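S.K.: Numbering (the UniProt record's numbering), first residue to last: 1 to 498.
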């Protein structure tokens, strides 16, 4: 398996692609206008203490003072067996257990805090004194002697294995750790790598805290290129190609510091062709925004993303096969299983996913298709759970949602159909206009009426509905005129009383 990471950097946008055997499997993007502060750690100074709100306002060098609640200063005890998700700060239980804010901080006090919510509108950022620094499989909690496992890892044997493995790795380390969800099934070697990485990061943060002034950032959540290397770079990656000299230098320093054994994998790309054109990545992104995905056999997938779930429908299309119908369906479903797994990664689809395979009679064929799907999903960095195929040929599965899907990041709802994907026909709009005219005449007094609508609707009314218009004028006793407006969408119209 040949695997590479491509990093494309422009002044306002950075993109990272994961390529396996010459085909793009995943793509991530970050835009300068949307980079927030969440995850950053600052040395701040308490400006005001508000006992009535159980909160304080802290200057961390941003435009507005940030908000720090008492429950984000005192952490209730976390048992070593339970953990706390993926390292989110524990909150007060609301039963009066949190001490008064005035007893925790005072005006003018210096305090090290982490941003847990970006500034919104007129509100400043929200802070926490419970620092957490993530790696690929672990979260470091430097101020909490905790050894926890994410509650999303449900298998008790696996939870115990991870807990014992981490315990043997950290020994008497006074720092706290939580095992993240995607550590499920990982080896002791992988966890040891993260323990070493987090230890180095925390030492750097401590040095920064000691030397920094109030309002200065002492830890910044990694930018996309470095975050991608932290989470994606492993022994199986042959090359990391970066098309920006400045970013290449940063990547080299990062890898040399935390993953020196992979130094030689980093390469600066200075070719004439754009780096994303090397493996047709630009075309793949455009195809990933389409509803239909063609299969090599002639069949195709239809991907529909809704609020509740994502559905993937498998169709044979032009593929007829060379044997019988069952064999044709089986071959199509096998190819579709691999293609569906790839589309989930490429489009970054999460939540509930339903795959509607073509009905198969042979039980062994069903098992093989399910195995193919599970095998294809094994390389997915997001946690997936696949359930048995139903009698209708449906496979229910879930995929952990980490960020917005590719479509939601790159696109917005159509202003004409408001994201429905369909428009009312001119005939439907015509009859809505007739009903609106009747309603307006009953409510208001006017000599005549004018209807403003799109040209296609007005043309239809004047040509195919002329008799209907005459009957309506006779029924309401008013004159109706129609005016075409080129800038009106097909569904838009206005009834004006004159």
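Here a beta-carbon is modelled for each residue, glycine too, at the ideal position from N, C-alpha and C.
This one's a predicted model, so the numbers in the text were calculated from it and none came from an experiment.
Tell me which residue opens and which closes the beta strand (DSSP E) that residue 69 is part of.
M.R.: For the purposes of this step, residue 69 is taken as the residue at position 69 of the chain shown. That run of the beta strand (DSSP E) goes 66 to 69.
S.K.: Can you tell me whether residue 413 is buried or exposed, with buried defined as 16 or more other CB within 10 angstroms of its CB?
M.R.: Along the chain shown, one-based indexing puts residue 413 at 413. Exposed is the call here.
S.K.: Excluding the five sequence neighbours on either side, which residues of its own chain have a C-beta within less than 6 Å of the C-beta of residue 114, listed in chain order?
M.R.: For the purposes of this step, residue 114 is identified with residue 114 of the chain shown, where counting begins at 1. Hits under 6 Å: 41, 128, 131.
S.K.: Roughly how many whole angstroms lie between the Cα atoms of residue 27 and residue 409?
M.R.: Sequence index remark: in the chain shown, residue 27 carries index 27 (1-based). Sequence index remark: in the chain shown, residue 409 carries index 409 (1-based). Each residue's Cα considered, the two are about 11 Å apart.
S.K.: Quick check on this structure: which residue in 117, 156, 98, 210 has the alpha carbon closest to the alpha carbon of residue 54?
M.R.: As a working note, residue 54 is residue 54 in the chain shown. The shortest C-alpha separation from residue 54 is found at 98.
S.K.: Which runs of the beta strand (DSSP E) at least 3 residues long sit entirely within the region 332 to 412? Give them in chain order.
M.R.: Whole beta strand (DSSP E) segments, 3+ residues: 351 to 356, 384 to 386, 394 to 399.
S.K.: So, with DSSP's three-state summary, where would you put residue 212?
M.R.: Stepping through the chain shown from its first residue, residue 212 is reached at position 212. It is coil, neither helix nor strand.
S.K.: Among 373, 62, 110, 446, which one has its Cα closest to the Cα of residue 388?
M.R.: For the purposes of this step, residue 388 is identified with residue 388 of the chain shown, where counting begins at 1. Of the candidates 373, 62, 110, 446, the one whose C-alpha sits nearest the C-alpha of residue 388 is 373.
S.K.: Identify whether residue 274 lies in helix, strand or coil by the three-state DSSP scheme.
M.R.: Within the chain shown, the letter at position 274 stands for residue 274. In the structure shown, residue 274 sits in coil (DSSP, three-state: anything other than H, G, I, E or B).
S.K.: Mind listing, in chain order, the continuous beta strand (DSSP E) runs of no fewer than 3 residues lying wholly within the region 228 to 271?
M.R.: With a minimum length of 3 residues, the continuous beta strand (DSSP E) runs that stay inside the region 228 to 271 are 239 to 242, 266 to 268.
S.K.: Are the CB atoms of residue 139 and residue 177 within a distance shorter than 8 Å?
M.R.: Numbered from 1 along the chain shown, position 177 holds the residue referred to as residue 177. Numbered from 1 along the chain shown, position 139 holds the residue referred to as residue 139. Yes, the pair counts as a contact, with Cβ atoms nearer than the cut-off.
S.K.: Can you look up residue 219 in the DSSP assignment and give me helix, strand or coil?
M.R.: Within the chain shown, numbered from 1, the residue matching residue 219 stands at position 219. Three-state DSSP puts residue 219 in a strand.
S.K.: Going by DSSP, which residues form a beta bridge with residue 42?
M.R.: As a working mapping, residue 42 is identified with position 42 in the chain shown. According to DSSP, residue 42 bridges with 113, 217.
S.K.: Rounded C-beta distance between residue 400 and residue 382? I'm assuming under 8 Å.
M.R.: As a position in the chain shown, residue 400 is number 400, starting the count at 1. As a position in the chain shown, residue 382 is number 382, starting the count at 1. The Cβ separation is near 5 Å, so the contact holds.
S.K.: How long is the line joining the alpha carbons of residue 146 and residue 70, rounded to whole angstroms?
M.R.: As a first step, residue 146 must be located in the chain shown, where it is residue number 146. As a first step, residue 70 must be located in the chain shown, where it is residue number 70. Rounded to whole angstroms, residue 146 to residue 70 spans 21 Å at the Cα level.
S.K.: Does the distance from the CB of residue 336 to the CB of residue 301 come in under 8 Å?
M.R.: Residue 336 sits at position 336 when you count from the first residue of the chain shown. Residue 301 sits at position 301 when you count from the first residue of the chain shown. In this structure, residue 301 lies closer than 8 Å to residue 336 by Cβ.
S.K.: Taking just the CA atoms, how far does residue 205 sit from residue 379?
M.R.: Looking up residue 379 in the chain shown gives position 379. Looking up residue 205 in the chain shown gives position 205. Near 33 Å, if we compare the C-alpha coordinates of residue 205 and residue 379.
S.K.: Do residue 393 and residue 362 have their C-beta atoms closer together than 8 Å?
M.R.: Numbered from 1 along the chain shown, position 393 holds the residue referred to as residue 393. Numbered from 1 along the chain shown, position 362 holds the residue referred to as residue 362. Result no, Cβ atoms of residue 393 and residue 362 do not sit closer than 8 Å.
S.K.: Excluding sequence positions up to five away, which residues of its chain have a Cβ less than 8 Å from the Cβ of residue 480?
M.R.: Taking the chain shown and counting its residues from 1, one reaches residue 480 at position 480. Within the same chain, residue 480 has close Cβ partners 437, 448, 449, 450, 451, 469, 472, 473.
S.K.: Only counting the same chain, and skipping five residues up and downstream in sequence, which positions put a Cβ closer than 6 Å to that of residue 494?
M.R.: Position 494 of the chain shown, counted from the start, is the residue given in the question as residue 494. Only 452 meet the Cβ criterion.
S.K.: Taking the continuous beta strand (DSSP E) assigned at residue 442, which residues delimit it?
M.R.: The residue labelled residue 442 in the question sits at position 442 within the chain shown. That residue, residue 442, is in no beta strand (DSSP E); its alpha helix (DSSP H) goes 426 to 443.
S.K.: Out of 327, 395, 273, which has the shortest C-alpha to C-alpha gap to residue 310?
M.R.: One-based indexing of the chain shown puts residue 310 at position 310. Ranking 327, 395, 273 by Cα distance to residue 310 puts 395 first.
S.K.: State whether the region 1 to 14 contacts the region 234 to 250, with contact taken as three or more CB pairs (one from each stretch) at a distance under 8 Å.
M.R.: Verdict: yes, contact present.
S.K.: Applying the 10 Å Cβ sphere with the 16-neighbour rule, what's the burial state of residue 434?
M.R.: Locating residue 434 in the chain shown gives position 434, where the first residue counts as 1. Looking at its Cβ environment, which holds 16 or more other Cβ atoms inside 10 Å, residue 434 is buried.
S.K.: Take residue 347 and list the residues in its own chain whose beta-carbon comes closer than 6 Å to its own, dropping the five residues that flank it on each side.
M.R.: Walking along the chain shown from the start, residue 347 turns up at place 347. Here the set comprises 288, 405, 406.
S.K.: Does the region 206 to 221 come into contact with the region 153 to 160, if we say contact requires no fewer than three beta-carbon pairs (one atom in each stretch) closer than 8 Å?
M.R.: Short answer: they don't touch.
S.K.: Within 10 Å of its beta-carbon, does residue 384 have 16 or more other beta-carbons around it, so buried, or fewer, so exposed?
M.R.: Walking along the chain shown from the start, residue 384 turns up at place 384. Classification for residue 384: buried.
S.K.: Give me whichever residues DSSP pairs with residue 6 in a beta bridge.
M.R.: Here residue 6 refers to the residue found at position 6 when the chain shown is read from its first residue. Paired residue(s): 17, 241.
S.K.: Alpha carbon to alpha carbon, what distance is there between residue 291 and residue 507?
M.R.: Any question about residue 507 goes unanswered here, given that the chain covers just 1 to 498.
S.K.: Quick one: grab the DSSP three-state call for residue 290.
M.R.: Counting from 1 along the chain shown, the entry for residue 290 is found at position 290. Residue 290: coil per DSSP, three-state reduction.
S.K.: Under a three-way DSSP split, which group does residue 157 fall into?
M.R.: Residue 157 sits at position 157 when you count from the first residue of the chain shown. Three-state DSSP puts residue 157 in a helix.
S.K.: Within the chosen definition, does the region 292 to 299 reach the region 269 to 283 through at least 3 CB pairs nearer than 8 Å?
M.R.: No, because fewer than three Cβ pairs between the region 292 to 299 and the region 269 to 283 fall closer than 8 Å, the two stretches do not touch.
S.K.: Leaving out the 5 sequence neighbours to the left and right, which residues in its chain are closer than 8 Å to residue 184 when beta-carbon positions are compared?
M.R.: Taking the chain shown and counting its residues from 1, one reaches residue 184 at position 184. Within the same chain, residue 184 has close Cβ partners 153, 155, 158, 162, 383.
S.K.: Is DSSP giving residue 54 helix, strand or coil here?
M.R.: Counting from one through the chain shown, the residue named residue 54 turns up at place 54. Note: residue 54 maps to coil in three-state DSSP.
S.K.: Does the ligand MG have a heavy atom nearer than 7 Å to the CB of residue 206?
M.R.: For the ligand MG, the structure offers nothing, since it holds no ligand at all.
S.K.: Alpha carbons only, please: which of 303, 151, 228, 345 is nearest the one belonging to residue 314?
M.R.: Position 314 of the chain shown, counted from the first residue, corresponds to residue 314. It is 303.
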